[in-house]
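Quick notes on the structure that follows.
Numbering (full-length UniProt numbering), first residue to last: 1 to 533.
Okay, structure coming up:
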């Protein structure tokens with residue numbers, strides 16, 4: 001028997017009872033009657049690469065020296081909470097009506113509080129495969145979803161799913177939508193124990209909901225909202241062919257409501273290409289908006305007082321062997337004179353100086369004028385057709401800089417929160433809301449960030465119902481040159497590194513960079529990697 005509970009999406013009474021109708025379901029004293037919940041809402045939060053809510057919270061709680069030393073070697077423990085984790089922690093949950101599911105990010109192995117694991121830097125973080133890879137984590141999300149749906153299957157007629165993600169978590173979110181809606185895409189089995197089940201059965205996760213609805217006509221299931229930050233798939237060693245393999249071109253066939261994609265403008269890593277949501281935009285259900293900053297400025301997880309560092313072991317063969325300790329390589333001092341000495345994909349120091357990332361003048365003959373820059377020598381090989389190979393020396397520029405604030409991420413946390421509240425009608429009044437609420441409050445009190453938030457929030461809220469691509473620009477916000485440079489110096493980060501990892505060189509820049517630099521991008525309506533370049 002239905003009673004006058006409210007629908008989580010509409011706020012309307014499910015049985016249309018009048019306001020003065022008695023809400024009692026039974027007149028017999030001390031008796032019980034099952035309550036029929038018309039709508040079950042399940043919210044799934046996929047965290048980003050090397051982002052793990054449990055590990056980040058442990059870092060701030062542990063004071064034991066030995067434990068701190070262990071955590072310092074594990075990237076996911078050093079990272080702060082992402083916006084996806086903050087939104088999950090704050091989201092209100094009502095058992096049987098609103099259920100929340102958290103999925104840790106690629107490369108982080110901890111699955112629950114108290115059972116802490118070492119990171120998987122190569123297979124998980126580097127390749128997006130194996131135990132923390134796309135197959136395992138998406139299947140885990142589907143199993144958790146099925147568990148909730150089955151637990152309350154006698155009480156709901158409508159199941160609404162909202163999906164959120166950051167970085168590879170956005171990739172996982174998009175693949176999740178394709179998988180449960182039965183989209184055809186090329187399988188690329190990468191896990192040691194892939195799920196093998198018969199098609200068109202209750203255990204088949206591909207097209208799961210078409211199966212349920214076809215057999216239970218009174219059940220209605222839909223993906224209501226997808227809210228994602230800066231999709232980076234980068235699965236395997238080839239990072240530009242994931243759209244067709246993993247069904248990332250989701251649109252109105254998969255999502256009944258809206259697909260919201262908040263992206264960054266200042267990430268230039270070759271192996272962090274942005275996968276757009278062009279299919280959703282073409283279908284009339286997609287909204288994409290870019291913001292100043294690097295990948296994790298938008299999705300969150302930088303700590304306060306973050307030091308730029310190459311984090312690379314310099315051996316005697318490294319061209320950076322003379323770089324001062326704890327400095328980060330930027331570029332050669334004079335690219336015109338020493339073009340052969342440049343590291344492929346580097347962006348000239350002049351661009352960073354102009355944007356405001358770093359202060360100082362490395363061209364000065366007085367080292368005191370270098371500021372945050374440091375000039376040092378790098379060896380390079382110069383080859384001519386008609387002369388022997390020569391080893392020469394060029395001047396290079398490194399930097400040591402501390403980004404003081406981490407509050408910029410809360411501009412993006414707040415905007416996604418506001419959109420979620422409108423589209424998915426999720427409330428953020430949960431038991432662990434403090435970090436999200438206090439972070440947003442601090443951000444709004446900051447004169448510079450408050451100004452950005454006011455403009456950007458209005459831009460998104462006024463336009464997200466339209467399909468298209470938007471951009472948060474300084475001229476529209478009204479920031480002067482000094483304010484722009486202060487933003488890049490004190491709040492935003494440079495994600496490029498000079499070193500290569502053994503397999504994929506994840507933090508190198510896009511080859512042949514121009515000024516201003518360009519980001520690597522993937523159009524999700526083009527399924528062949530050859531169409532990317």
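Even glycine gets a Cβ: it sits at the ideal position worked out from N, Cα and C.
Proximity below 8 Å, CB of residue i to CB of residue j
i           : j           : result
residue 105 : residue 57  : no
residue 162 : residue 83  : no
residue 400 : residue 372 : yes
residue 169 : residue 492 : no
residue 410 : residue 394 : no
residue 404 : residue 305 : yes
residue 470 : residue 459 : yes
residue 152 : residue 96  : yes
residue 435 : residue 50  : no
residue 260 : residue 250 : no
residue 455 : residue 287 : no
residue 417 : residue 145 : no
residue 426 : residue 262 : no
residue 308 : residue 55  : no
residue 487 : residue 461 : no
residue 265 : residue 290 : yes
Collapsed DSSP secondary structure at residue i in the structure displayed
i           : result
residue 172 : helix
residue 225 : strand
residue 477 : helix
residue 198 : Residue confidence for residue 198 is low, a pLDDT of 39 falling below 50, so the modelled location carries little weight and cannot support an answer.
residue 299 : helix
residue 373 : strand
residue 428 : coil
residue 232 : coil
residue 55  : helix
residue 466 : coil
residue 338 : coil
residue 489 : helix
residue 494 : coil
residue 11  : With a pLDDT of only 35 at residue 11, under 50, the local geometry of the prediction cannot be trusted, and the value read off the model is given with reservation. Three-state DSSP puts residue 11 in coil, outside helix and strand.
residue 576 : The shown model of the chain, from 1 to 533, leaves out residue 576, and the question about it has no answer.
residue 254 : coil
residue 94  : strand
residue 390 : strand
residue 381 : strand
residue 514 : coil
Closest by C-alpha distance to residue i, when choosing among the options
i           : options            : result
residue 351 : 160, 485, 76       : 485
residue 80  : 181, 439, 524      : 439
residue 268 : 149, 284, 296, 258 : 296
residue 257 : 290, 336, 489, 221 : 221
residue 141 : 102, 494, 150      : 102
residue 45  : 138, 475, 61       : 138
residue 446 : 366, 113, 521, 490 : 490
residue 433 : 61, 60, 91, 40     : 91
residue 355 : 325, 219, 474, 364 : 474
residue 148 : 40, 277, 272       : 40
residue 534 : 390, 61, 327       : This structure cannot settle anything about residue 534, because the visible part of the chain is limited to 1 through 533.
residue 472 : 325, 457, 360, 136 : 457
residue 482 : 521, 522, 366, 353 : 353
Whole-number beta carbon distance between residue j and residue i, since they are thought to touch under 8 Å
i           : j           : result
residue 42  : residue 99  : 5 Å
residue 412 : residue 375 : Incorrect: roughly 36 Å between the Cβ atoms, too far for contact.
residue 226 : residue 171 : The Cβ separation is near 12 Å, so there is no contact.
residue 419 : residue 349 : That belief does not hold up - the Cβ atoms of residue 419 and residue 349 are roughly 38 Å apart, past 8 Å.
residue 339 : residue 378 : In fact, because the Cβ distance is near 13 Å, the residues do not count as touching under 8 Å.
residue 382 : residue 369 : Between residue 369 and residue 382 the Cβ distance is about 30 Å, and since that is not below 8 Å, they are no contact.
Proximal residues to residue i (C-beta, below 8 Å), its chain only, five neighbours per side dropped
i           : result
residue 252 : 280, 283, 284, 285
residue 254 : 177, 178, 181, 183, 223
residue 303 : 78, 79, 80, 406
residue 511 : 270, 344, 345
residue 496 : 268, 269, 345, 346, 347, 507, 508, 509
residue 595 : Residue 595 lies beyond the stretch modelled for the chain, which goes from 1 to 533, so this question has no answer here.
residue 513 : 268, 345, 346, 347
Residues near residue i by beta carbon distance below 6 Å, same chain, minus five either side
i           : result
residue 516 : none
residue 166 : 48, 82, 84, 229, 299
residue 505 : Low confidence applies here, because residue 505 scores a pLDDT of 46, under 50, leaving its location unreliable and the question unanswered by this model.
residue 442 : 407
residue 324 : 374
Own chain partners of residue i with C-beta closer than 7 Å, once the 5 adjacent residues on each side are dropped
i           : result
residue 444 : 450, 453
residue 519 : 267, 268, 274
residue 476 : 455
residue 423 : 225, 257, 258
residue 467 : 281, 284, 285, 286, 287
residue 429 : 92
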